[in-house]
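So in my numbering, the last spot in the sequence shown is 516, and the numbers never skip.
Glycine is no exception: its CB is placed at the ideal position from the N, C-alpha and C atoms.
Here is the structure we will look at.
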Amino acid sequence: MPVAVHDELNVYASAEARFETAAQKLHLEEGVYRFLKYPDKEITVYIPVVLDSGHLEVFVGYRVLHSSVRGPGKGGIRFAPDVTLDEVRALAAWMTWKCAVVNIPFGGAKGGVICDPEKLSKSELERVTRRYTASLCDWFGPERDIPAPDIGTDEQTMAWVMDTYSMHVRHATTAVVTGKPLDLGGSRGRKEATGRGLMICCDKALKKFGLAPQNCRVIVQGFGNVGSQASLLMHQAGYRIIGIADVHGGFYNEKGIDIPKLHDWVYTQRKPLPDFPGGGEKTTAQEILFRPCDILMPAATENQITAQNAHRLDCRILCEGANGPTTSHADPIVAKKGIFVIPDILANAGGVTVSYFEWVQDRQGFFWREQEVNERLQDIMEQSFDQVVRYAETHDVDNRIAAYILAIDRVARALKLRGFYA
Ligand code: NAD
């Protein structure tokens, strides 16, 4: 099982490189290795949509089911202009490992549509979403493959997915998708869940190092669902957020940034993040990563920390809110700097964990109080954090490979119990 040399910015190759290292450490049998390496199935759909102008556009969409060994496929739908099939493949595989790290009964899947949501009107986005969902109606299902939001999609998108699927199967099916609005079978605490999970991981890491949130300076790249909720919750818990940026740029401010005010500016007043008055010294989305801090939280997109720039990191803890923000080529440089990494498949698993709670609640038709959701999330994140750190010590590997080993081991054991249907 040689570890292939690959193009650093190909996220699928990056995901494979980690998988192969972990598989070797685990002494995974050749057949099982091959089975887990490739996706179960993948599909490309062509989505004809009449734009508001009357012009007919055909968008390209993907859905990849990486694994259904431990349960139905689970994973978000990304709307972005640069979505590729390789990216969706990588994200689907990461969902398999992520669900296994937190031990919830799902496999892994992911979807994407090549489009720019910032350039489409709301009704155009609705038509893209509905036609994409209609094309995949036989593929999706509460027992088959359950989508959720990701970059460029939100609660409203998920409501359209639910409605389209329900119209096709002729009955309201809330459990076919998660991340829905509360009024439509959504779960309390889902919106904050990924951010909350990130904070729980940071709390655990701080305890390990004997630090308190009050003495901890945090930089967050990305101010979307993940970055904004993580920074809001961490600000409330006493962490000092000294840097924040979205794709258009942001601020560095040693005294700390007023995150609730910034949230209001961006999400209530709908104004550009870099125009926020009194934010601090202006900086770019890239440069923010290299300013001194205790916790660096990339929560935007892939390939932000690479072999070319990893030596510039100036943090003690790297907590990955985004999927794949660090390339596999950067891993050894980050390790050499002694940075404690909380890898994506552990750190941002709070979102899928509460998605699992949402699916459970929808199927029961019985909804939990927010406190119950948060307590259950806390238990799962803390246990998973401890398990990953223990695996790292036992197998003498870094936290990322430890998380992969834990996950691959769980999926491989389920696979062997099921056997191979012929
Ligand atoms: P989002 O679309 O809500 O927000 C993305 C944010 O990143 C925006 O603030 C955008 O301006 C910023 N951004 C985009 N490209 C950037 C760049 N090159 N440099 C700096 N900032 C950039 O997306 P999200 O749901 O917050 O997801 C962010 C990341 O977290 C993605 O990697 C996603 O896969 C991952 N993730 C999301 C969830 C979830 O529950 N939404 C769960 C787990 C992981």
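message: For ASP480 and GLU466, what's the separation of their Cα atoms in angstroms?
response: For the purposes of this step, residue 480 is taken as residue 386 along the sequence shown, with counting starting at 1. For the purposes of this step, residue 466 is taken as residue 372 along the sequence shown, with counting starting at 1. ASP480 and GLU466: Cα-Cα distance of roughly 21 Å.
task: Using 7 Å as the cut-off, classify the Cβ of ALA194 as near or not near the heavy atoms of ligand 1, replying yes or no.
output: As a first step, residue 194 is located in the sequence shown; it is residue number 100 there, counting from the start. Incorrect: ALA194 has no Cβ contact closer than 7 Å to ligand 1.
Start-to-end residues for the beta strand (DSSP E) that takes in CYS413: Sequence index remark: in the sequence shown, residue 413 carries index 319 (1-based). Its beta strand (DSSP E) spans residues 411-413.
message: Please tell me whether, using a cut-off of 7 Å, the distance from the CB of ALA394 to the nearest non-hydrogen atom of ligand 1 is below it.
response: Working through the sequence shown from its first residue, we reach residue 394 at position 300. Within the cutoff, so yes.
field: Classification of THR378 by the beta-carbon crowding that lies within 10 angstroms, buried from 16 upward
entry: Numbered from 1 along the sequence shown, position 284 holds the residue referred to as residue 378. Under this definition THR378 is an exposed residue.
query: Looking at VAL320 and ligand 1, is the gap between the Cβ and the nearest heavy atom below 7 Å?
result: Position 226 of the sequence shown, counted from the first residue, corresponds to residue 320. Checking every heavy atom of ligand 1 against the Cβ of VAL320, one is found closer than 7 Å.
message: If you measure between the beta carbons of ALA203 and HIS160, is that distance less than 8 Å?
response: Numbered from its first residue, the sequence shown carries residue 203 at position 109. Numbered from its first residue, the sequence shown carries residue 160 at position 66. In contact: ALA203 and HIS160 (Cβ atoms closer than 8 Å).
message: Restricting to runs no shorter than 4 residues, where is the alpha helix (DSSP H) found entirely within the segment 403-457?
response: 425-430, 438-441
task: Check LEU509 in the structure and name its three-state DSSP category.
output: Along the sequence shown, one-based indexing puts residue 509 at 415. Reduced to three states, the DSSP call for LEU509 is helix.
task: Give me whichever residues DSSP pairs with ASP101 in a beta bridge.
output: Residue 101 sits at position 7 when you count from the first residue of the sequence shown. In the DSSP output, where bridge partners are listed per residue, ASP101 has none listed.
query: Taking just the CA atoms, how far does GLN118 sit from MET95?
result: Stepping through the sequence shown from its first residue, residue 95 is reached at position 1. Stepping through the sequence shown from its first residue, residue 118 is reached at position 24. The pLDDT assigned to MET95 is 37, lower than 50, so where the model puts this residue is not dependable; a value taken from the coordinates is nonetheless given after this. Roughly 7 Å separates the two Cα atoms.
task: Identify the continuous beta strand (DSSP E) that holds ILE294 and give its terminal residues.
output: As a position in the sequence shown, residue 294 is number 200, starting the count at 1. Premise fails: ILE294 lies in the alpha helix (DSSP H), 284-303, not in any beta strand (DSSP E).
message: For GLY337, tell me which candidate among ASN309, ASN319, ILE389, THR362 has the shortest Cα-Cα distance.
response: As a working mapping, residue 337 is identified with position 243 in the sequence shown. Minimum Cα distance to GLY337 is reached at ILE389.
task: Taking 8 Å as the threshold, find out whether the segment 422-435 comes into contact with the segment 330-347 through three or more Cβ pairs.
output: no
- prompt: When DSSP labels each residue in this structure, what does GLY321 get in the three-state scheme?
  reply: Within the sequence shown, the letter at position 227 stands for residue 321. DSSP places GLY321 in helix when its eight states are reduced to three.
query: Cα separation between TRP359 and TYR515?
result: Sequence index remark: in the sequence shown, residue 359 carries index 265 (1-based). Sequence index remark: in the sequence shown, residue 515 carries index 421 (1-based). Looking at the two C-alpha atoms, the distance is approximately 55 Å.
- prompt: LYS566 to ARG385, Cα distance in whole Å?
  reply: What the structure shows of the chain is the stretch from 95 to 516, and residue 566 is not part of that stretch, so it cannot be assessed.
- request: With a 10 Å radius around its C-beta and 16 neighbouring C-beta atoms as the bar for buried, classify GLY332 as buried or exposed.
  value: For the purposes of this step, residue 332 is identified with residue 238 of the sequence shown, where counting begins at 1. Classification for GLY332: exposed.
field: Where the beta strand (DSSP E) containing THR138 begins and where it ends
entry: In the sequence shown, counting from the first residue as 1, residue 138 sits at position 44. Here the beta strand (DSSP E) through THR138 covers 135-144.
task: Sort out for me which residues DSSP pairs THR377 with in a bridge.
output: Position 283 of the sequence shown holds residue 377. In the DSSP output, where bridge partners are listed per residue, THR377 has GLY344.
- prompt: So does PHE461 have its beta carbon nearer than 7 Å to some heavy atom of ligand 1?
  reply: Here residue 461 corresponds to residue number 367 of the sequence shown, with the count starting at 1. No - ligand 1 has no heavy atom lying nearer than 7 Å to the Cβ of PHE461.
query: What separation, rounded to the nearest whole angstrom, lies between the Cα atoms of VAL270 and ILE240?
result: Reading the sequence shown from its first residue, position 176 is the one you call residue 270. Reading the sequence shown from its first residue, position 146 is the one you call residue 240. Distance between the alpha carbons of VAL270 and ILE240 is about 5 Å.
message: In whole angstroms, give me the CA-to-CA distance for ALA441 and VAL312.
response: For the purposes of this step, residue 441 is identified with residue 347 of the sequence shown, where counting begins at 1. For the purposes of this step, residue 312 is identified with residue 218 of the sequence shown, where counting begins at 1. Roughly 15 Å separates the two Cα atoms.
- request: Give the secondary structure of LEU230 by DSSP, where H, G and I count as helix, E and B as strand, and everything else as coil.
  value: Your numbering for residue 230 matches position 136 in the sequence shown. LEU230: coil per DSSP, three-state reduction.
task: Would you decide whether TYR485 is buried or exposed? Buried here means 16 or more other CB atoms lie within 10 Å of its CB.
output: Against the sequence shown, residue 485 aligns to sequence position 391. That one is buried.
Start-end ranges of the beta strand (DSSP E) lying completely within the segment 243-274, minimum 3 residues: none
- prompt: Can you list, in chain order, the residues of its chain whose CB lies under 6 Å from that of VAL177, leaving out five sequence neighbours each side?
  reply: Position 83 of the sequence shown, counted from the first residue, corresponds to residue 177. These residues qualify, in order along the chain: GLY206, ILE208.
field: Residue nearest to GLU218 in terms of C-alpha spacing, selected from ALA184, SER281, VAL152
entry: On the sequence shown, position 124 is the one that residue 218 refers to. Minimum Cα distance to GLU218 is reached at VAL152.
query: With DSSP run on the structure shown, which of helix, strand or coil describes PRO368?
result: Residue numbering aside, residue 368 sits at position 274 when the sequence shown is read from its first letter. Looking at PRO368 - three-state DSSP - the assignment turns out to be helix.
message: Taking the straight line between their C-alpha atoms, what separation do you get for ALA324 and ARG284?
response: Indexing the sequence shown from 1 puts residue 324 at position 230. Indexing the sequence shown from 1 puts residue 284 at position 190. Those two C-alpha atoms are separated by around 13 Å.
message: Taking contact to mean 3 or more Cβ pairs, one atom from each stretch, closer than 8 Å, check whether the segment 252-261 and the segment 441-456 are in contact.
response: no
message: When you measure from the CB of GLN315 to every non-hydrogen atom of ligand 1, does any distance come out below 7 Å?
response: As a first step, residue 315 must be located in the sequence shown, where it is residue number 221. It does: the Cβ of GLN315 is within 7 Å (strictly closer) of some heavy atom of ligand 1.
message: Checking the sheet assignment: what are the DSSP bridge partners for GLN315?
response: Reading the sequence shown from its first residue, position 221 is the one you call residue 315. Beta-bridge pairing links GLN315 to ALA339, PRO392.
message: For a test of your reading of the model: does the CB of ASP244 fall under 7 Å from any non-hydrogen atom of ligand 1? Yes or no.
response: The residue you call residue 244 lines up with position 150 of the sequence shown. Yes - ligand 1 has a heavy atom lying nearer than 7 Å to the Cβ of ASP244.
message: Between ALA501 and ligand 1, is there a pair consisting of the residue's CB and a ligand heavy atom that are separated by less than 7 Å?
response: Locating residue 501 in the sequence shown gives position 407, where the first residue counts as 1. No - ligand 1 has no heavy atom lying nearer than 7 Å to the Cβ of ALA501.
message: Taking 7 Å as the cut-off, is the C-beta of VAL341 nearer than that to any heavy atom in ligand 1?
response: For the purposes of this step, residue 341 is taken as the residue at position 247 of the sequence shown. Indeed, a heavy atom of ligand 1 lies less than 7 Å from the Cβ.
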